[in-house]
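What follows is a single structure, written as structure tokens, with notes after it.
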């Protein structure tokens, strides 16, 4: 959630768990000083002198002193802390000298076995005498002697086309190089541990002479483009799988034994590729055709592949894996773009299955009106069940015919994000009173557009159940919501993901019937996850259960319970709740 910062002092309180209580700074006893190193006094004197004489209007005047400091540190380079400081001093030399180095590629990805066009450029924006000795790309096994003086504002550029070794590994997040087992991740590169991202897969090494000292400066190979609003933008050029899969949905639902056709797309990142594509399904499932031939003559070429999946008879949730067998490699990667204003845009490649969910499910409601809130994917998955889902805009909520929907569902945080719901409250309650079912998913108590959500008062809280395996206790096992059309039992709460639910009501009118009780380990039980009330001829449901997570994950029990809730007006008749 977004928030505005508070200016001024702010106190934080800490509890000492181990060790002695610090007298002043909590970290004072752990901070090393240069006095802890041989010849450290001379190093400290050099640092003090550089700080005292730094001229922000002429940073390059500090370069000789920084180079001298770098030489002082060199005999201590085997110590990790000193090596870190040397890297920082080297970067200070580069910045104070106004040295601009870049390695640019025409694309943000290149596949093993392909070729890479590079423009390598060095620019001295100060009067400090600099000399470019050579440029290298170690990952590509290339080095070129340059031996050029870098005069003031006189760029030196090298253009080259280099082959990319077929053995170069793909740019996978280091924590996902091996698939996690539950919450356990295997890190094969200990040096990468705790780093926020992978080191650049391709780096150019510029060797520069400055003040009689030779320094190596590594810069990542980047793709640069101009955004019409943001201007100059960069992406790291990554080593991409030769082909990547595009999938419209991670979960395919099979409410009956009817086969489904799925459309997948395979896209190349290089040319001259040929092979076959298949969708591997688990035992009991069947797919047609077994394989489809594929051929790509150029990068960014796409082929659409259609498979028909035949589900088994009984309920099961299993995974299928799309696999392309091209040029001797079996590839099942998908690509995902991460783009946020505070970081450089990134692309990650992950080998992910498609969830196949064969559901034993009765779904009598065939039309649902959906009030989208802050955004969720529930309409997408209801449509997979053959249910017609219509998103209700403000005009429909205020003036449309709501009675044409057997059920209306409010998406997550609808009462935080849709101001129209205040004015639409009387019409929604009239809809329920006339016989409709209105299901409202979680909202936060902060910034509600109206306190009137249901036909009777209820109070929202921050209560939640974070343990997705918390045992469900049935408070009224004979209630229609737990019986019709899908009998609900403990098995329906297996396989839930991330959490049971959040932002439960903590107080409610006696007309509401709580149906479930959960408790996190060591915490008091909570009864507010699912409240149902009869109102007139219809039903009102308020739930903090995380259906918005469970339905996209293909959790069978969540579908069965959700269908029961939106079917109350169809299946429950005049059942009394008290």
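Numbering (our numbering), first residue to last: 208 to 785.
Note that the Cβ used here is the ideal one computed from N, Cα and C, for glycine as well.
What does the alpha-carbon distance come out to for the pair residue i and residue j?
{"i": "residue 423", "j": "residue 371", "result": "23 Å"}
{"i": "residue 221", "j": "residue 243", "result": "29 Å"}
{"i": "residue 215", "j": "residue 550", "result": "27 Å"}
{"i": "residue 382", "j": "residue 731", "result": "36 Å"}
{"i": "residue 714", "j": "residue 663", "result": "11 Å"}
{"i": "residue 696", "j": "residue 453", "result": "37 Å"}
{"i": "residue 226", "j": "residue 239", "result": "18 Å"}
{"i": "residue 539", "j": "residue 582", "result": "29 Å"}
{"i": "residue 767", "j": "residue 690", "result": "10 Å"}
{"i": "residue 391", "j": "residue 522", "result": "28 Å"}
{"i": "residue 564", "j": "residue 481", "result": "32 Å"}
{"i": "residue 272", "j": "residue 394", "result": "41 Å"}
{"i": "residue 566", "j": "residue 673", "result": "26 Å"}
{"i": "residue 283", "j": "residue 290", "result": "8 Å"}
{"i": "residue 418", "j": "residue 323", "result": "34 Å"}
{"i": "residue 479", "j": "residue 692", "result": "55 Å"}
{"i": "residue 507", "j": "residue 475", "result": "5 Å"}
Quick one: what does DSSP say residue i is sitting in, helix, strand or coil?
{"i": "residue 384", "result": "coil"}
{"i": "residue 260", "result": "helix"}
{"i": "residue 724", "result": "strand"}
{"i": "residue 781", "result": "Caution is warranted here: a pLDDT of 47 is assigned to residue 781, below 50, making its placement in the model unreliable, and the coordinate value is therefore given only provisionally. Of the three classes helix, strand and coil, the one that applies to residue 781 here is coil, per DSSP."}
{"i": "residue 492", "result": "coil"}
{"i": "residue 292", "result": "helix"}
{"i": "residue 220", "result": "coil"}
{"i": "residue 772", "result": "helix"}
{"i": "residue 606", "result": "helix"}
{"i": "residue 757", "result": "helix"}
{"i": "residue 298", "result": "helix"}
{"i": "residue 531", "result": "strand"}
{"i": "residue 474", "result": "strand"}
{"i": "residue 616", "result": "strand"}
{"i": "residue 703", "result": "coil"}
{"i": "residue 464", "result": "coil"}
{"i": "residue 255", "result": "helix"}
{"i": "residue 283", "result": "helix"}
{"i": "residue 763", "result": "helix"}
{"i": "residue 243", "result": "helix"}
{"i": "residue 398", "result": "helix"}
{"i": "residue 552", "result": "coil"}
{"i": "residue 568", "result": "coil"}
Between which two residues does the beta strand (DSSP E) holding residue i run?
{"i": "residue 577", "result": "574–578"}
{"i": "residue 647", "result": "644–647"}
{"i": "residue 744", "result": "No beta strand (DSSP E) contains residue 744, which DSSP labels as neither H nor E."}
{"i": "residue 787", "result": "Residue 787 lies beyond the range of the chain shown here (208 to 785); nothing can be said about it."}
{"i": "residue 331", "result": "322–331"}
{"i": "residue 501", "result": "499–503"}
{"i": "residue 415", "result": "410–417"}
{"i": "residue 356", "result": "349–357"}
{"i": "residue 307", "result": "306–312"}
{"i": "residue 712", "result": "708–715"}
{"i": "residue 536", "result": "536–538"}
{"i": "residue 266", "result": "Taken as a continuous stretch (DSSP letters only), residue 266 belongs to no beta strand (DSSP E), as it is neither H nor E."}
{"i": "residue 374", "result": "That residue, residue 374, is in no beta strand (DSSP E); it is neither H nor E in DSSP."}
{"i": "residue 517", "result": "509–517"}
CB-CB under 8 Å to residue i, same chain, minus the five flanking residues each way: which ones, in chain order?
{"i": "residue 615", "result": "575, 576, 577, 578, 599, 609, 635, 638, 643, 644, 645, 646"}
{"i": "residue 233", "result": "221"}
For residue i, collect the residues of the same chain with a Cβ closer than 7 Å to its Cβ; drop the 5 residues on either side in sequence, then sort them by chain order.
{"i": "residue 262", "result": "268"}
{"i": "residue 630", "result": "605"}
{"i": "residue 782", "result": "With a pLDDT of 43 at residue 782, under the threshold of 50, the modelled position of this residue cannot be trusted, and the question is left open."}
{"i": "residue 754", "result": "585, 648, 765, 769"}
{"i": "residue 354", "result": "340"}
Less than 7 Å between the CB of residue i and some heavy atom of the ligand NAP, yes or no?
{"i": "residue 726", "result": "Absent from the structure shown: the ligand NAP. Ligands present: none."}
Just to confirm my understanding: we take residue i, look at its own chain, exclude 5 residues before and 5 after, and list those with CB closer than 6 Å. What are they?
{"i": "residue 426", "result": "308, 310, 411"}
{"i": "residue 251", "result": "241"}
{"i": "residue 784", "result": "At residue 784 the pLDDT is 41, less than 50, meaning the model places this residue with poor confidence and gives no usable figure here."}
{"i": "residue 498", "result": "483, 485"}
{"i": "residue 620", "result": "580, 581, 650"}
{"i": "residue 302", "result": "none"}
Tell me which residue opens and which closes the alpha helix (DSSP H) that residue i is part of.
{"i": "residue 590", "result": "585–591"}
{"i": "residue 279", "result": "270–280"}
{"i": "residue 621", "result": "621–624"}
Segment contact, 8 Å Cβ cut-off, at least three pairs: the stretch 564–574 with the stretch 765–780: yes
Three CB pairs or more closer than 8 Å across the stretch 709–726 and the stretch 741–755: Touching, yes.
Touching by the beta-carbon criterion (3+ pairs, under 8 Å), the stretch 696–707 and the stretch 649–656: At 8 Å Cβ cutoff, the stretches do not touch.
Inter-stretch contact at 8 Å, needing at least 3 Cβ pairs: the stretch 317–335 / the stretch 553–568: In short, these stretches do not touch, since the Cβ pair count stays below three.
The stretch 276–288 touching the stretch 309–329, judged by at least three CB pairs closer than 8 Å: Judged by Cβ distances under 8 Å, the stretch 276–288 makes no contact with the stretch 309–329, as fewer than three pairs qualify.
At least 3 beta-carbon pairs within less than 8 Å: the stretch 453–470 vs the stretch 427–439: no
Cβ contact (3+ pairs, closer than 8 Å) linking the stretch 314–328 and the stretch 438–446: A contact exists between the stretch 314–328 and the stretch 438–446.
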